[in-house]
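Peer 1: Here the sequence shown is numbered in full-length UniProt numbering, starting from 1 and rising by one per residue. Idealized CB from N, CA, C, for every residue including glycine.
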Amino acid sequence: MKNVSPSQGTSKKGAEKEKETGNNSAANQSLPDPLATALLKVLATVLQCFATASPEEKEVATPVQRMVDLIGYVVCSGVVDDIRSFFSAIHGPLSDDPPAVNYAQACLALLSATAQYIGSR
């Protein structure tokens with residue numbers, strides 16, 4: 001619909017609004033959310049703590065089930081898909097964008113902690 005001329009059913013004002021909306025959504029996608037970064041770090045820390053726990057601590061059924069539930073929620077809620085989308089959109093160095101670097105590190109920490117926890121079971 002972006003290539004439709006104003007005479008084909010879309011007013012000029014509507015076309016400009018569509019263009020603005022598209023630009024804003026692209027800008028919002030490129031900026032990682034600081035809250036999301038912090039939450040990813042917290043989840044990674046929790047999983048890391050349970051992954052490095054002693055074998056006796058890992059035998060308690062309730063924490064094990066909670067960690068499995070947490071991993072299932074992260075996967076089913078689309079967090080892993082969002083991480084994949086973020087890394088797929090990177091087409092160059094991130095060194096000039098500190099929030100993106102922090103978000104990428106938090107994403108990798110979560111994925112690493114998840115893999116370590118699953119591997120340690």
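#1: Starting from the C-beta of Phe86, find all residues in its chain whose C-beta is less than 8 Å away, skip the five residues before and the five after it, and write them out in chain order.
#2: Can you list, in chain order, the residues of its chain whose CB lies under 6 Å from that of Pro99, leaving out five sequence neighbours each side?
#3: For Ile83, count the other beta carbons within 10 Å of its own beta carbon; 16 or more makes it buried, fewer makes it exposed. Which is it?
#4: Could you pull the start and end residues of the alpha helix (DSSP H) that Gly119 belongs to?
#5: Expressed to the nearest angstrom, what Euclidean distance is found between the alpha-carbon atoms of Ile118 and Gln65?
#6: Could you please give the first and the last residue of the uninterrupted alpha helix (DSSP H) stretch that includes Leu47?
Peer 2: Short version:
#1: Pro32, Tyr103, Ala104, Cys107
#2: Pro32
#3: buried
#4: 98-120
#5: 12 Å
#6: 34-51
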